[in-house]
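Asker:
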Ligand SMILES: C[S@@+](CC[C@H](N)C(=O)[O-])C[C@H]1O[C@@H](n2cnc3c(N)ncnc32)[C@H](O)[C@@H]1O
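Here's what the structure looks like:
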């Protein structure tokens with residue numbers, strides 16, 4: 038067993054019983070909750086660490102609606118709803134956030150928060166197929182009741198398309214070699230579990246990359262997860278929906294991301310609402326008529342403190358961006 042594999046299996050055993058540790062919790066809730074009587078949406082409930090922090094700031098008049106596309110997260114949210122009448126849980130992808138708000142009968146929202154990516158319980162459950170550290174099915178769906186598992190998608194994808202996915206979403210420099218090896222393993226019926234996928238990634242990269250500081254399967258697993266769940270498409274639609282429901286000036290949008298591609302998309306989608314004018318820069322005045330609907334509160338992303346990174350290494354790559362509605 039390689040040193041990487043021995044360490045991975047040890048980390049997994051330790052992490053198995055850990056719950057999700059919320060990231061940038063105080064920074065996120067400080068930025069989001071501007072009115073204790075307000076109406077808030079937590080678009081990514083997970084295990085509710087961020088939702089509970091919002092509820093702790095709300096008065097008895099305040100309300101919180103939470104969404105998650107994962108049925109297990111929704112089950113946990115349902116238990117919280119049974120304990121706190123101010124809280125309501127909905128099983129929906131956040132691209133459908135505006136519909137969820139309308140169904141709740143809300144005409145405005147005071148703040149919408151996102152904490153993107155996967156939760157620790159999702160990664161730690163081998164049966165979900167997110168982890169290269171435990172053997173499980175090739176699934177990776179955040180909502181196992183919808184869409185197609187990775188195993189089905191791999192049956193149909195071409196080598197070229199797969200290489201593009203691994204390169205674009207994972208930033209993997211061995212994307213071509215890994216894609217070729219995956220397609221061949223699928224063809225030979227040697228691609229049944231996450232362990233098979235991990236093994237193929239491990240052997241497809243160069244010898245030196247096999248023993249680097251990042252496991253050779255990390256970027257490929259991340260890329261395939263983003264593909265299976267259309268994560269970038271969801272982020273774009275979710276942010277656009279969030280900005281549509283922030284109809285009152287001062288309404289807040291707070292977004293935590295963990296991946297540079299996600300963060301760039303968050304920045305660009307919000308920037309589109311902050312600076313929507315399409316007039317050429319040499320025009321003396323705006324003639325396109327597009328006016329800003331948002332302004333940056335934190336354009337430069339907020340990063341976790343050294344203390345938080347030491348306490349929770351998963352927070353290392355997190356970034357928080359905050360904007361507020363101006364019209
Ligand atoms: C990082 S976790 C959130 C953790 C949460 N803030 C907590 O403190 O427990 C991300 C959650 O977002 C959910 N999620 C990811 N993409 C989603 C989407 N498009 N729609 C709804 N939920 C989504 C995942 O299922 C996961 O439960």
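In this note's numbering, the protein residues as written are 38 to 364.
The beta carbon of each residue, even a glycine, is placed where N, CA and C say it ideally should be.
Taking the alpha carbon of residue 234 as the point to measure from, which residue in 169, 105, 76 and 353 has its own alpha carbon closest?
Answerer: 169
Asker: By DSSP's criteria, residue 293 is part of a beta bridge. Which residues make up the other side?
Answerer: 152 and 357
Asker: Quick one: residues in its chain with C-beta nearer than 7 Å to the C-beta of residue 137, no 5 flanking neighbours on either side, listed in chain order?
Answerer: Around residue 137: 102, 104, 127 and 129.
Asker: I want to check one thing, is the minimum distance from the CB of residue 95 to the heavy atoms of ligand 1 below 7 Å?
Answerer: Checking the Cβ of residue 95 against ligand 1 gives no.
Asker: Using the DSSP secondary-structure output, state which residues sit across from residue 128 in a beta bridge.
Answerer: 105
Asker: Return yes when at least one heavy atom of ligand 2 lies under 7 Å from the C-beta of residue 273, else no.
Answerer: Among the ligands present in this structure, namely ligand 1, ligand 2 is not found.
Asker: Quick check: the stretch 183-193 against the stretch 112-120, are there 3 or more CB pairs under 8 Å?
Answerer: no
Asker: Taking only the alpha-carbon atoms, compute the straight-line gap between residue 188 and residue 260 and give it to the nearest angstrom.
Answerer: Their Cα atoms are separated by approximately 14 Å.
Asker: For residue 13, count neighbouring C-beta atoms within 10 Å of its own C-beta (all shown protein chains included) and say buried if the count is 16 or more, exposed if not.
Answerer: Only positions 38 to 364 of the chain appear in the structure, and residue 13 is not among them; the question remains open.
Asker: Quick test of the definition: if touching needs 3 or more C-beta pairs under 8 Å, does the stretch 252-266 touch the stretch 197-214?
Answerer: yes
Asker: Would you identify the three-state DSSP class for residue 282, choosing helix, strand or coil?
Answerer: helix
Asker: In chain order, what residues of the same chain have a beta carbon less than 8 Å from the beta carbon of residue 256, not counting five sequence neighbours either side?
Answerer: The residues are 203, 207, 208 and 209.
Asker: List the endpoints of the continuous beta strand (DSSP E) containing residue 333.
Answerer: 331-339
Asker: Please go through the same chain and pick out, in chain order, the residues whose beta-carbon is closer than 8 Å to the beta-carbon of residue 43, but skip the five residues on each side of it.
Answerer: Only weak support is given to the placement of residue 43: the predicted model assigns it a pLDDT of 42, under 50, and the question is left unresolved by the model.
Asker: Run through DSSP, which three-state label would residue 158 get?
Answerer: helix
Asker: Assuming residue 334 contacts residue 360 (C-beta within less than 8 Å), just tell me the rounded distance between them.
Answerer: 6 Å
Asker: Look at residue 71 and residue 289 and say whether their C-beta atoms are less than 8 Å apart.
Answerer: Cβ distance < 8 Å, so residue 71 and residue 289 count as in contact.
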